[in-house]
Amino acid sequence: MEQLFLRTITVMRYILPLREGGSLPALAEADDDFKYVLKFRGAGHGVKMLISELLGGMIAKKLGLPIPELVFAHLDVDFGRMEADEEIQDLLKFSEGLNLGMSFLSGALAYDSSVKVDPLLASKIVWLDAFITNIDRTFKNTNLLMWHKELWVIDNGASFYFHHSWQNFETAAKTPFKYIKDHVLLPQASHLQEANTFAHGILNDEFFRKLVNLIPEDWLQWNDADENSAEIREIYFQFLKTRLKNSAIFLKEAENARG
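Just so we're aligned: 248 in full-length UniProt numbering is position 248 of the sequence shown, and the numbers increase by one with no gaps anywhere.
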């Protein structure tokens, strides 16, 4: 039986901030001597952004899309105490414990929308983003990299935006997702029906259950929700299950936007 697993690394050295967007990611080195792009629980949307990165990234991996390895990244309590920048020092202080890292693709370049992509690959990425309601893979901010002549998916933190209001998840699960019209790969996504069939053959309730169980317990201690951690997991599970079952809704929206 397939197991879902993420390695846990310990962050040893903060190298430099990557000042893109509101999440203040950073390049850092870990105890395995590899470099990672870190997303911090102490930033903007906190653990909800980390949950989006985790769920979206693991679904992308399950669909066979090229995505850098995700890891849980542990930050010790004293980490960053010597950091001169007060904003970064505060960010690190409030990010003690488990964060999320993504393997750093050294030498990768931001995707240029003029570059042609395999239509089925483009369709799978568009399908993924419509499924996870990712509002941030646009011409302005592609969140795609070219590395070794291959297209790589990064940064899924703007997904599952229903969890910021944390209400009416059933309605959110059935949304057509109108923002798909802005997707950078939509013009090249001519195989959406094929991508939908493929995804239905890969994703299922068993995978979704394992996926939500992968969320660290301390990422589910929310002050703005009445539900306990088990109930929060169940809502994510039901969202994923319901959205897959109703994929025809967002598939039609994407096809209409292409038309």
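Yeah, the Cβ is synthetic: ideal placement off N, Cα and C, and Gly gets one too. On a predicted model such as this, the values are computed, not experimentally measured, just so you know.
C-beta atoms of ALA130 and PHE169 nearer than 9 angstroms: no
Opening and closing residue of the alpha helix (DSSP H) in which THR171 lies: 169 to 173
Whole-Å CB distance - ILE180 paired with ALA254, under 8 angstroms assumed: 5 angstroms
Test item: CB-CB of ARG13 and GLU29 under 9 angstroms: yes
CA-to-CA distance, LEU18 to residue 343, given in whole angstroms: Because residue 343 is not part of the residues shown, which for the chain are 1 to 259, the question remains open.
Buried or exposed (CB count within 10 angstroms, at least 16 for buried), ALA195: buried
Rounded straight-line distance, which links the Cα of TRP127 to that of residue 265: The structure shown does not extend to residue 265, since the chain spans only 1 to 259, so no value can be given for it.
LYS39 - partner residues in DSSP beta bridges: LEU100
Delimiting residues of the alpha helix (DSSP H) encompassing ARG209: 205 to 213
Reduced DSSP category for MET1 - H, G, I as helix; E, B as strand; rest coil: Unreliable positioning characterises MET1 in this predicted model, as indicated by a pLDDT of 48, which lies under 50. The coordinate reading is nonetheless provided below. Three-state result, MET1: coil.
Three-state secondary structure assigned by DSSP to ARG13: strand
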